[in-house]
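Colleague: The numbering of the sequence shown is the numbering used here, which starts it at 539 and goes up by one.
One structure, pasted below without further comment.
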Amino acid sequence: MGAGAVMNGARWPESAAAIGALRVPALIGLQAVAALCEGLAPFPLERPGLRLSHNPLLSHLLGPDGAVGGLAGDLLGQGARPVRALLFDKTAQTNWQVPWHQDRTIAVTARHDVPGFGPWSVKTGIPHVAPPVEILAGMVTIRLHLDDVGPDNAPLLIAPGSHRLGAVAEADIASVVATTGHHACLAQAGDAWAYATLILHASEVARQPTRRRVLHVDYAAAALPPPLEWQGV
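Printed below as a string of C-alpha cells:
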C-alpha cells in the first residue's frame, strides 16, 4: 500500500481516510475462501456473532504474514495485532437487524479498575470494558467476506466520516447519519473491507437472505495501560 493519510495513527490511502473505510478486492482467493469455510463449518452460528479464539485455522491468516494481518499492518504499522475475532452468518433463520451504533468496548484478560476505563461488562464469560476514545480511534476493523454480499443481502452500512467525531452520544446518532448519509459495503467472496473501528455502522434485515458469512477482526497496535491486557485471538 502506498503513502497516504495518517488517521488517528493509522496510515490510510488518501481516498479512504475521509470516508474511514477501504474495500480490498480479492484479499484472498476463492480456494482459500472454500478452505476457510470448510474449517469454520463445525462452529454453531445460532446467535448474531460467534467469538473465535485460539483457532489454529486463523493463526497465520490473522498474523503479520497472513493476508488479513498484512492488511492490518499496512494500516496500523508493524505492531498491529488481532484483539478480537467474530464470525457472522446471516441466513433466513438468523436474519437480524443491527441498528446504527459504534463499537465502544474491548475484550481484556481480566478486570482491573484503571482511570478512564469503564463501564465494565461480561460477554460469554470474557470481561469487556469501554476504553478511552483515543484507544478506539487507533484501531482498525477488517471484515473478510466468505460469501458475496449484494444490496439485498443486508450489507454493512457505514456513515462516511463519522469516525472523526469521537464518541457519538446515542441520542445524536440519527442526526449524524442523516448528515453524513450512508454507504453500503458490497463485496464478493474473498474481498475485505477495512474500516476505522469507531465508524458508525448498521445492517438491515436481508430482503433476499442467502448465506452471508463474514470474519470480523479488530486490530490494535498500542498496548493497554498495565495491568490491563488485550484478550487477543
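For glycine and all other residues, C-beta sits at the position ideal for the given N, C-alpha and C.
In this text the structure is predicted, and so the values were computed from the model without any measurement.
Given that a residue counts as buried once 16 or more other Cβ atoms are within 10 Å of its Cβ, and exposed if not, what is HIS683?
Modeller: By the neighbour-count rule (16 or more Cβ atoms within 10 Å), HIS683 is buried.
Colleague: Compute the beta-carbon to beta-carbon distance between THR679 and THR735, rounded to the nearest angstrom, for a pair I have assumed lies under 8 Å.
Modeller: Rounded, the Cβ-Cβ distance is 5 Å, consistent with contact.
Colleague: Suppose contacts are defined by Cβ-Cβ distances below 8 Å. Is ALA668 in contact with GLY656 by that definition?
Modeller: Contact flag set, yes.
Colleague: Taking the C-alpha atoms as reference points, what is the distance between PRO689 and ALA707?
Modeller: C-alpha separation (whole angstroms): 28 Å.
Colleague: Mark ARG745 as exposed unless 16 or more other C-beta atoms lie within 10 angstroms of its C-beta, in which case mark it buried.
Modeller: ARG745 is exposed by the Cβ-count criterion.
Colleague: In angstroms with no decimal places, state the Cα-to-Cα distance between ASN691 and SER659.
Modeller: Their Cα atoms are separated by approximately 31 Å.
Colleague: Would you call the CB atoms of ALA727 and LEU565 closer than 8 Å?
Modeller: It is not a contact, given that the beta carbons lie outside the stated cut-off.
Colleague: My understanding is that VAL621 touches TYR757, with C-beta atoms under 8 Å, so please give their C-beta distance in whole angstroms.
Modeller: Contact holds; Cβ gap of about 7 Å.
Colleague: Quick check on the burial criterion: 16 or more other C-beta atoms within 10 angstroms. Buried or exposed for LEU574?
Modeller: By the neighbour-count rule (16 or more Cβ atoms within 10 Å), LEU574 is buried.
Colleague: Which same chain residues end up closer than 8 Å to GLY611 when comparing Cβ atoms and leaving out the 5 residues on each side of it in sequence?
Modeller: Excluding positions up to five away in sequence, the list reads PRO602 and ALA618.
Colleague: For TRP768, list the residues DSSP reports as bridge partners.
Modeller: Answer is VAL646.
Colleague: In whole angstroms, give me the CA-to-CA distance for ASP685 and THR632.
Modeller: The alpha-carbon atoms of ASP685 and THR632 are separated by roughly 15 Å.
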